[in-house]
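S.K.: Let me begin by handing over the structure; questions about it come next.
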Amino acid sequence: MRRWRRSPSGCPLATAAIQAPRRFHDAPQGNPGAHRRPEGLPAVVGERYHERYRVEPSAAFRLDGVNPEETQGLRGKEARGLLAGELEKLSGLQERLYAEGKRSLLLVLQAMDGGGKDSTIRRVFRGVNPQGCYVVSFKAPSQEELAHDFLWRIHRRTPARGHIGVFNRSHYEDVLVPLVHETVPASLVEGRYEHINCLEKMLHDSGTRLVKVFLHISKEYQLKRMHRRLERPDKLWKFALEDLEEREHWDAYMGAYETLSGRCSTPRAPWCVVPANNRRFSSIVVAQLLVDALREIDPQHPPAFDPEQYPTERLQRG
Numbered sequence: 001m002r003r004w005r006r007s008p009s010g011c012p013l014a015t016a017a018i019q020a021p022r023r024f025h026d027a028p029q030g031n032p033g034a035h036r037r038p039e040g041l042p043a044v045v046g047e048r049y050h051e052r053y054r055v056e057p058s059a060a061f062r063l064d065g066v067n068p069e070e071t072q073g074l075r076g077k078e079a080r081g082l083l084a085g086e087l088e089k090l091s092g093l094q095e096r097l098y099a100e101g102k103r104s105l106l107l108v109l110q111a112m113d114g115g116g117k118d119s120t121i122r123r124v125f126r127g128v129n130p131q132g133c134y135v136v137s138f139k140a141p142s143q144e145e146l147a148h149d150f151l152w153r154i155h156r157r158t159p160a161r162g163h164i165g166v167f168n169r170s171h172y173e174d175v176l177v178p179l180v181h182e183t184v185p186a187s188l189v190e191g192r193y194e195h196i197n198c199l200e201k202m203l204h205d206s207g208t209r210l211v212k213v214f215l216h217i218s219k220e221y222q223l224k225r226m227h228r229r230l231e232r233p234d235k236l237w238k239f240a241l242e243d244l245e246e247r248e249h250w251d252a253y254m255g256a257y258e259t260l261s262g263r264c265s266t267p268r269a270p271w272c273v274v275p276a277n278n279r280r281f282s283s284i285v286v287a288q289l290l291v292d293a294l295r296e297i298d299p300q301h302p303p304a305f306d307p308e309q310y311p312t313e314r315l316q317r318g
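With the first letter of the sequence shown counted as 1, position 108 gets the number 108 in UniProt numbering; the numbers rise by one all the way through.
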């Protein structure tokens with residue numbers, strides 16, 4: 001698994017290893033105009049921007065079919081208003097989920113370093129009741145976790161009924177890292193796809209709805225985020241020399257994400273690959289995914305309490 005080493009402030013190796021980023025917005029990957037709505041044309045009311053990013057089960061998926069720059073024409077005030085509306089819906093649905101206490105929702109977030117996992121969580125969940133929502137950040141496994149199967153630490157952190165759980169990285173790291181660095185035999189990795197699909201099927205059948213998102217950024221955008229971390233004292237703690245080492249394996253990671261997306265996108269737990277160079281747009285897509293998942297669950301408030309059926313004399317006792 002990955003090592004989690006942090007860089008000292010002002011590390012010359014880190015500064016030298018990162019060259020000045022080019023203005024990738026001037027030369028985006030793919031066709032930046034693809035799916036762009038003409039300027040001034042408002043968004044369609046109720047339009048669901050996530051639908052085109054779903055990975056079909058058992059598909060031979062290619063990441064180069066998703067442009068990290070894409071925003072579907074959403075910009076500025078329009079995008080802010082749409083996000084606010086989705087967050088309001090999410091808050092109301094989460095309240096019903098918590099009150100009903102019968103089913104749960106799990107968001108699995110994956111991304112390359114600098115992909116916006118932390119900011120997505122902050123932005124999307126800022127209006128929900130913290131009593132019914134929690135985040136788990138999975139890092140390199142502890143000695144206790146290594147003494148169990150690779151899914152042990154995952155299953156024990158899945159959300160209880162009535163709750164929303166958020167995985168910042170997840171069980172998919174136990175496929176990604178071995179694929180890229182060949183740390184375990186290929187036959188073992190092959191078996192993990194089946195184990196993951198079985199776990200997710202069991203969770204679904206037990207009442208947990210899964211939303212799995214890969215925040216897809218460009219290599220140029222990642223470089224920009226690394227520079228930002230080095231240039232801002234309040235962001236230095238997020239930088240690790242290992243991030244530079246992992247960046248050298250970019251193409252291998254893209255291939256690994258393509259493989260696992262195809263192997264582990266199922267009707268019960270599909271993958272969604274979301275363009276994430278624009279963080280407000282990716283937050284809108286993630287919020288819509290959660291709102292639609294909760295609408296499918298359709299949680300209801302418990303039956304209304306009828307005060308007339310309660311002995312009023314008990315309320316009058318001192």
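Even for Gly, the Cβ is constructed at its ideal location relative to N, Cα and C.
In this text the structure is predicted, and so the values were computed from the model without any measurement.
Which of the three DSSP states is assigned to N168 in this structure?
M.R.: Here N168 sits in strand by DSSP.
S.K.: Determine the extent of the alpha helix (DSSP H) in which G155 is found, giving its start and end residues.
M.R.: For the sequence presented, residue 155 should be read as His rather than Gly. Residues W152 to H155.
S.K.: For the candidate residues I284, K238, L290 and L294, whose alpha-carbon lies nearest to that of Q72?
M.R.: Taking only the C-alpha atoms, the option nearest Q72 is I284.
S.K.: Could you tell me which uninterrupted alpha helix (DSSP H) segments, each at least 4 residues in length, are contained entirely in the stretch 235 to 268, listed from first to last along the chain?
M.R.: Within the stretch 235 to 268, the complete alpha helix (DSSP H) runs of at least 4 residues are 241 to 247 and 250 to 264.
S.K.: Please give the ranges of any beta strand (DSSP E) in the stretch 89 to 173, keeping only runs that are unbroken, at least 3 residues long and fully inside the region.
M.R.: Counting whole runs of 3 or more residues, the stretch 89 to 173 contains the beta strand (DSSP E) stretches 104 to 111, 133 to 137 and 164 to 168.
S.K.: Output the boundary residues of the alpha helix (DSSP H) element that contains H204.
M.R.: A186 to D205 is the extent of the alpha helix (DSSP H) around H204.
S.K.: Exposed or buried, which one is R229 when buried takes at least 16 other CB atoms within 10 Å?
M.R.: The residue is buried, with at least 16 neighbouring Cβ atoms inside 10 Å.
S.K.: Exposed or buried, W237, counting other C-beta atoms within 10 Å across all chains shown (16 or more means buried)?
M.R.: Result: exposed.
S.K.: Would you check if the distance between the CB atom of N168 and the CB atom of S137 is smaller than 8 Å?
M.R.: Contact: yes.
S.K.: I believe residue 332 touches R209 by the beta-carbon criterion, under 8 Å. Please report the beta-carbon distance rounded to the nearest angstrom.
M.R.: Not covered by the structure: residue 332. The range shown for the chain is 1 to 318.
S.K.: Tell me which residues share the same chain as M112 and place their Cβ nearer than 7 Å to its Cβ, disregarding the 5 neighbours each side in the sequence.
M.R.: Only I217, Q222 and Y253 meet the Cβ criterion.
S.K.: Who does V273 pair with in a DSSP beta bridge?
M.R.: V273 pairs with F214.
S.K.: Would V124 and A287 be called neighbours here (beta carbons separated by less than 8 Å)?
M.R.: Yes, they are a contact pair.
S.K.: Tell me which residues share the same chain as P8 and place their Cβ nearer than 8 Å to its Cβ, disregarding the 5 neighbours each side in the sequence.
M.R.: Its pLDDT being 39, under 50, P8 is placed unreliably in this model, and the coordinates cannot settle the point.
S.K.: With DSSP collapsed to three states, give me the class of R229.
M.R.: Looking at R229 - three-state DSSP - the assignment turns out to be helix.
S.K.: Just grab the DSSP bridge partners of T208 for me.
M.R.: T208 is bridged to S104.
S.K.: Give the range of the alpha helix (DSSP H) segment to which Q300 is assigned.
M.R.: Neither: Q300 is in no alpha helix (DSSP H) and is coded neither H nor E.
S.K.: Taking its Cβ as the centre, do 16 or more other Cβ atoms sit within 10 Å of D26, making it buried, or is it exposed?
M.R.: Below a pLDDT of 50, predicted positions are generally treated as unreliable, and D26, at 36, falls in that range; no measurement from the model is reported.
S.K.: Pull up the distance between the alpha-carbon of P267 and that of S91, whole angstroms please.
M.R.: When rounded, the distance between both Cα atoms is 26 Å.
S.K.: Between L107 and K212, what straight-line distance do the alpha-carbon atoms span, to the nearest angstrom?
M.R.: One C-alpha to the other measures close to 6 Å.
S.K.: So, with DSSP's three-state summary, where would you put R52?
M.R.: It is helical.
S.K.: In whole angstroms, give me the CA-to-CA distance for N278 and L151.
M.R.: Roughly 32 Å separates the two Cα atoms.
S.K.: Grouping DSSP H, G and I as helix and E and B as strand, with all else coil, what is F61?
M.R.: Coil at F61, not helix or strand.
S.K.: Can you name, in chain order, every residue of its own chain whose Cβ lies under 8 Å from the Cβ of Y49, other than the five neighbours on each side?
M.R.: Counting only Cβ-Cβ distances below 8 Å, and skipping sequence neighbours, we find Q72, L74, F281, I284, V285 and Q288.
S.K.: Return the Cβ separation of S104 and R161 in integer angstroms, given the expectation that the two are a contact with Cβ distance under 8 Å.
M.R.: That belief holds up - the Cβ atoms of S104 and R161 are roughly 5 Å apart, short of 8 Å.
S.K.: Our contact map puts G115 next to L215 with C-beta atoms below 8 Å; I'd like the distance itself, whole angstroms only.
M.R.: With 8 Å as the limit, G115 and L215 qualify as a contact, their Cβ atoms being about 4 Å apart.
S.K.: Would you grab the beta carbon distance between Y172 and Q110 for me? Rounded to a whole angstrom, and I think it's under 8 Å.
M.R.: That belief holds up - the Cβ atoms of Y172 and Q110 are roughly 6 Å apart, short of 8 Å.
S.K.: Closer than 6 Å by C-beta to L176: which residues in its own chain qualify, once you throw out the five before and the five after it? Chain order, please.
M.R.: Cβ neighbours of L176 beyond the five flanking positions: A256.
S.K.: Compute the beta-carbon to beta-carbon distance between I164 and Q94, rounded to the nearest angstrom, for a pair I have assumed lies under 8 Å.
M.R.: The pair is a contact, with the Cβ atoms about 6 Å apart (cut-off 8 Å).
S.K.: Just to confirm, is the Cβ distance from E86 to V274 under 8 Å?
M.R.: Not in contact: E86 and V274 (Cβ atoms no closer than 8 Å).
S.K.: Please report the distance separating the alpha-carbon of D251 from that of I196.
M.R.: Distance between the alpha carbons of D251 and I196: 24 Å.
S.K.: Can you list, in chain order, the residues of its chain with a C-beta nearer than 7 Å to that of F61? Leave out the 5 residues immediately preceding and following it.
M.R.: The answer, listed in chain order, is V55, E258, S261 and G262.
S.K.: Can you tell me which of G101, R225, A79 and G207 puts its alpha carbon nearest to the alpha carbon of D243?
M.R.: Among G101, R225, A79 and G207, the Cα nearest to that of D243 is on R225.
S.K.: Leaving out the 5 sequence neighbours to the left and right, which residues in its chain are closer than 8 Å to K102 when beta-carbon positions are compared?
M.R.: For K102, where only same-chain residues beyond five positions count, the Cβ hits under 8 Å are R161, G162, G207 and P299.
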